[in-house]
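Protein chains in written order, with our numbering: chain D, 1 to 67; chain Y, 1001 to 1162.
Report on the structure given below.
Following this line, the structure appears as structure tokens:
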């Protein structure tokens, strides 16, 4: 079950190697995103696109808010 | 959207998945850095005076007035915005407590609101200044209408707009 976290925990996890993934549309990512985040829109998230992620490190996903 | 993405990653075999539920809005509201094509847009958090004068509700208006020029934000011990005193409130009887004299529950704005949107709202509502806060209500700074209008004009002149 995915763990819900806040911005403090995001910063702590990123500092120890977590990967940030924005799942919004590409234009929303290009406009503004968290430092170091990569873009994998939810509609394109599958086994192929997820290959860019390192399975040995934590993965943090985010969108605009929890909606 | 992100909860579904987190579950999807788990279904793909990822075992260490986190959902940042506050997302990009929460991040920007906290004034944390971002990257991207729109980053250069001036926003309320960039323009707000971080050293804005503050006071607490139990102080006397006369004492506060002696140390501020035009506006002061009323906060509690957790840095939460409780009210504001602009020019009009500061002109009242100096024996009043701040709780009695302040404008309670002022409209507050998040740091990610653009200068252009802030300028439109502040001019339209005749606000000389407005508190900028996190989504929890913690004071980030005080934005003056003149600064928002100036930044909006400069943004409109730049090639990328504001």
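Note that the Cβ used here is the ideal one computed from N, Cα and C, for glycine as well.
Quick caveat, the model's predicted, so the values are computed rather than measured.
Contact of residue 1034/Y with chain D is assigned, a C-beta pair being separated by under 8 Å.
Secondary structure at residue 49/D: helix, using DSSP grouped into helix, strand and coil. Not a single C-beta of chain Y is nearer than 8 Å to the C-beta of residue 39/D. With respect to chain D, the C-beta atom of residue 1059/Y has no partner C-beta closer than 8 Å. The shortest C-alpha to C-alpha distance from residue 1102/Y to any of 1015/Y, 1095/Y, 1074/Y and 1128/Y is the one to 1074/Y. Between residue 1079/Y and residue 1139/Y, the C-beta spacing is below 8 Å. Comparing C-alpha distances from residue 1100/Y to each of 1001/Y, 1011/Y and 1058/Y shows the shortest one belongs to 1058/Y. Distance from the CA of residue 27/D to the CA of residue 33/D, rounded to the nearest whole angstrom, comes to 10 Å. Within the stretch 1001-1013 of chain Y, 1001, 1002, 1003, 1004, 1005, 1006, 1007, 1008, 1009, 1010, 1012 and 1013 place their CB atoms closer than 8 Å to a CB of chain D, listed in sequence order. At a Cβ-Cβ threshold of 8 Å, residue 11/D and residue 53/D do not count as neighbours. Residue 1044/Y places its beta carbon 8 Å or farther from that of residue 1134/Y. Taking C-beta atoms as the reference points, residue 1050/Y and residue 1115/Y fail to come closer than 8 Å. No residue range can be given for residue 56/D, since it is assigned to no alpha helix (DSSP H) and is classified by DSSP as neither H nor E. Contact of residue 1115/Y with chain D is not assigned, every C-beta pair being separated by 8 Å or more. Per DSSP, reduced to three states, the secondary structure at residue 1028/Y is helical. A residue is called buried when at least 16 other Cβ atoms come within 10 angstroms of its Cβ; residue 1118/Y meets this threshold and is buried.
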